[in-house]
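All the letters of the sequence shown, read from the start, carry residue numbers 209 to 702 under this note's numbering.
From the three backbone atoms N, C-alpha and C, an ideal C-beta is built for every residue, glycine too.
Structure first, then comments.
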Amino acid sequence: MFYNGFQITDGNRIRTKVCIIGAGVAGITAALALSEAGISVALVESGGLERDAENQSLNIGNNTGLDYLSPGASRLRVFGGTSQHWTGWTRELDDIDFTKKDWIPDSGWPIKKSDLRGHYDQAAQILDLGPKKYTYDFWERLAGKPRFFNTSTIETALIRHSLPTRFGIKYKDTIEKSNRIHCFLNSNLVNLELSKDNHKHIISAHFKTLKGNTFKVEAQHYVLATGGIENARILLNCNTQIKAGLANSSGNVGRYFADHEGSYLGRVAIRSPLINPKTYRTSRISGPDGFQLASATPALKLTEEETRKLRLPNFAAAVIPYMGHDVRWGTPIDAPLGHKEFDIYGSIEPEPCRDSTVSLSDDRDPLGTRRVNLSLAFTRNHSENREKVAYEFARHLSAADAGRVQINVNGKDRDSLMEGMDEYGFHHMGTTRMHENRRHGVVNSDCRSHDISNLYIGGSSVFPTFGYAQPTLTIVALALRIAEHLAITIKASP
Ligand SMILES: Cc1cc2nc3c(=O)[nH]c(=O)nc-3n(C[C@H](O)[C@H](O)[C@H](O)COP(=O)(O)OP(=O)(O)OC[C@H]3O[C@@H](n4cnc5c(N)ncnc54)[C@H](O)[C@@H]3O)c2cc1C
209 MFYNGFQITD GNRIRTKVCI IGAGVAGITA ALALSEAGIS VALVESGGLE
259 RDAENQSLNI GNNTGLDYLS PGASRLRVFG GTSQHWTGWT RELDDIDFTK
309 KDWIPDSGWP IKKSDLRGHY DQAAQILDLG PKKYTYDFWE RLAGKPRFFN
359 TSTIETALIR HSLPTRFGIK YKDTIEKSNR IHCFLNSNLV NLELSKDNHK
409 HIISAHFKTL KGNTFKVEAQ HYVLATGGIE NARILLNCNT QIKAGLANSS
459 GNVGRYFADH EGSYLGRVAI RSPLINPKTY RTSRISGPDG FQLASATPAL
509 KLTEEETRKL RLPNFAAAVI PYMGHDVRWG TPIDAPLGHK EFDIYGSIEP
559 EPCRDSTVSL SDDRDPLGTR RVNLSLAFTR NHSENREKVA YEFARHLSAA
609 DAGRVQINVN GKDRDSLMEG MDEYGFHHMG TTRMHENRRH GVVNSDCRSH
659 DISNLYIGGS SVFPTFGYAQ PTLTIVALAL RIAEHLAITI KASP
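Here's what the structure looks like:
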């Protein structure tokens, strides 16, 4: 059921089991899963059903770090969140992404990939990645000859494509008809009030609309799901009871801010017919109605064993036929017969960097909340890592007799082919990181705050290590896991 925040009587108090803040990818996923488990939810969203400039202006902020897309442009304040304009590229994190790598400081998750196995399968359905029968073998057969390039050290990884699923469109009717999900639109979280005695428990969430009316939601549990930048901004802004902000006893809220950067690694002149760039284009299967059933783009990477042996960050590289003009990753182009050159464009895992931050600026938005300041940074190893990856990847391709590689040692110096290629993925990660030790993280392995017993955080802000894969499939999997955990907790409580 939908309610318009503008029409709620000023000072109203709403009681529910779970209050989810933010109706984007994570928030809607968690709300639907809890509702299916028979639990009532207040899902409170800053935006309306349609985009509008006034709501969107709440995202405006500053950028003081690396040249980076402004926080007002890279996410949406609308029902459905940023899924209303995401591109839909998806991949699970690899096993290696969850493990601690002693050559990457602060790396590793406190959970294993197997802890998300069932949630990933469900997440694939939610994101419309297609029937399970479209397996790796299927795409490999479809690619024709020569098949995917796999050696003892290089393998092919599949990036799967969502429609892309727009949560605001796909789930609007379900939520409208639901008796368990009460979705409040145009309503902005401005404070989380803690118990007076020990500050260890949220007693109410305070919301305000752009027309000025306010209301509170009192719940047993709260899920903050406002996106990778906003989760940190909100916690830092909620500082009336604790000066450093909520859930921030470790001082890590807003730190380790990360994104995936695309890097042009080099150009390959094919020596043998082992790799066919045509095999590495995006393939799509459509149903009789012409709609996409499934779609995938293959990419090349080093095997996990080789990545560990060489102590490299994880990465994958797209293979793009060099056509001498502007071509984007995945564009389904047919390379002419006998085509001999292709570009390799990689996404390299960024190292966790504590000095890369989301903080508060002195400017305030119309609700009186301090605006956000982004200062994206990479560790000192970043450019060296890029060079190492380019070199090792080239060495392995040559050793396998796949081709001769011209490495782009200066990752920034891209040729005209790459002009216009997005530098970043707009994958806002790391700002409320997961760690078993409260001194090193903001949430524990259940995505629950170390400091506040009834606060859970949804979204890629909890990622402590980032891999190269796009984050949204993992965001959905984690939101399902939070809902599952809450359902068990609520059912077990008297
Ligand atoms: C152009 C673009 C392309 C992308 N392409 C890809 C891709 O190909 N693959 C991929 O994996 N990812 C991609 N992403 C990233 C992807 O969109 C995000 O990972 C995903 O949307 C994050 O989900 P979320 O639920 O954490 O946040 P969101 O989907 O942003 O949802 C957050 C919600 O919280 C609401 N909110 C914010 N503040 C408040 C408040 N104070 N009170 C109440 N509600 C609030 C917002 O209005 C919003 O609805 C892309 C992003 C962009 C910008």
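In the structure shown, what three-state DSSP assignment does HIS693 receive?
helix
Can you tell me where the beta strand (DSSP E) with ILE229 in it begins and where it stops?
220-229
Looking at the secondary structure, which residues open and close the beta strand (DSSP E) in which ASP329 lies?
It is not in any beta strand (DSSP E) - ASP329 instead sits in the alpha helix (DSSP H) that spans 325-334.
Count the other C-beta atoms from every protein chain shown that fall within 10 angstroms of the C-beta of PHE415, then say buried if there are 16 or more, exposed otherwise.
buried
Would a C-beta distance cut-off of 8 Å place VAL461 and THR673 closer than the cut-off?
no
So what does DSSP say about ASN662, is it helix, strand or coil?
coil
Which residues share a DSSP beta bridge with LYS509?
GLU363
Are the beta-carbon atoms of GLY273 and ALA585 separated by less than 8 Å?
yes
By a C-beta neighbour count over all protein chains shown, 10 Å radius and 16 as the cutoff for buried, is HIS327 buried or exposed?
buried
Cβ-heavy atom distance, ARG283 to ligand 1, below 7 Å:
yes
Measure how close the beta-carbons of ALA525 and ILE483 come, nearest whole angstrom, since I'm counting them as under 8 Å.
Not quite, the Cβ-Cβ distance comes to about 12 Å (not below 8 Å), so this is no contact.
Secondary structure of ALA685, DSSP reduced to three states
helix
Can you list, in chain order, the residues of its chain whose CB lies under 7 Å from that of THR176, leaving out five sequence neighbours each side?
For the chain, the structure presents residues 209 to 702; residue 176 sits outside this window and is missing.
Cβ distance (whole Å) where HIS429 is taken to contact TYR276 below 8 Å:
Contact doesn't hold; Cβ gap of about 34 Å is too wide.
Determine the DSSP secondary structure at GLN449, reduced to helix, strand or coil.
coil
My understanding is that GLY474 touches GLN614, with C-beta atoms under 8 Å, so please give their C-beta distance in whole angstroms.
5 Å
GLY213 to ASN387, Cα distance in whole Å?
18 Å
For GLN333, verify whether its CB is less than 7 Å away from any heavy atom of ligand 1.
no
Considering only heavy atoms of ligand 1, does any lie closer than 7 Å to the CB of TRP297?
yes
Out of LYS424, LYS225, TYR472, GLN449, which one is the CA nearest neighbour of SER243?
LYS225
Just the Cα atoms here: how many angstroms apart are SER657 and THR490?
40 Å
Given a threshold of 16 other Cβ atoms within 10 Å of its Cβ, counted over all protein chains shown, does GLU300 qualify as buried or as exposed?
buried
At 3 residues or longer, and completely inside the region 378-464: list those beta strand (DSSP E) runs for me, N to C.
389-393, 396-402, 410-416, 422-432
On the DSSP letters alone, give me the boundaries of the beta strand (DSSP E) that ASN589 sits inside.
No beta strand (DSSP E) holds ASN589; DSSP gives it neither H nor E.
Helix, strand or coil for ILE698 per DSSP?
helix
Count the other C-beta atoms from every protein chain shown that fall within 10 angstroms of the C-beta of PHE499, then say buried if there are 16 or more, exposed otherwise.
exposed
Opening and closing residue of the alpha helix (DSSP H) in which ASN263 lies:
261-264
Find out if the Cβ-Cβ distance for the pair SER370, ARG646 is shorter than 8 Å.
no
ILE411 to GLY289 span [Cα, whole Å]:
26 Å
Give the DSSP-derived three-state secondary structure of GLY316 in the structure shown.
coil
Can you find the residues in the same chain that come closer than 7 Å, C-beta to C-beta, to HIS407, ignoring five residues on each side of it along the sequence?
GLN449, ILE450
Backbone secondary structure at VAL597 - three-state DSSP
helix
In chain order, what residues of the same chain lie with their CB nearer than 7 Å to the CB of SER208, ignoring the 5 residues before and after it?
One cannot answer for residue 208 here, as it falls past the ends of the chain, which runs 209 to 702.
How would you label TYR676, buried or exposed, when you count the other beta carbons within 10 angstroms and need 16 or more for buried?
buried
Given THR587, which residues of its chain have a CB within under 6 Å of its CB, disregarding the five upstream and five downstream residues?
GLU559, CYS561
Hey, how far is the Cα of ASP260 from the Cα of ARG285?
8 Å
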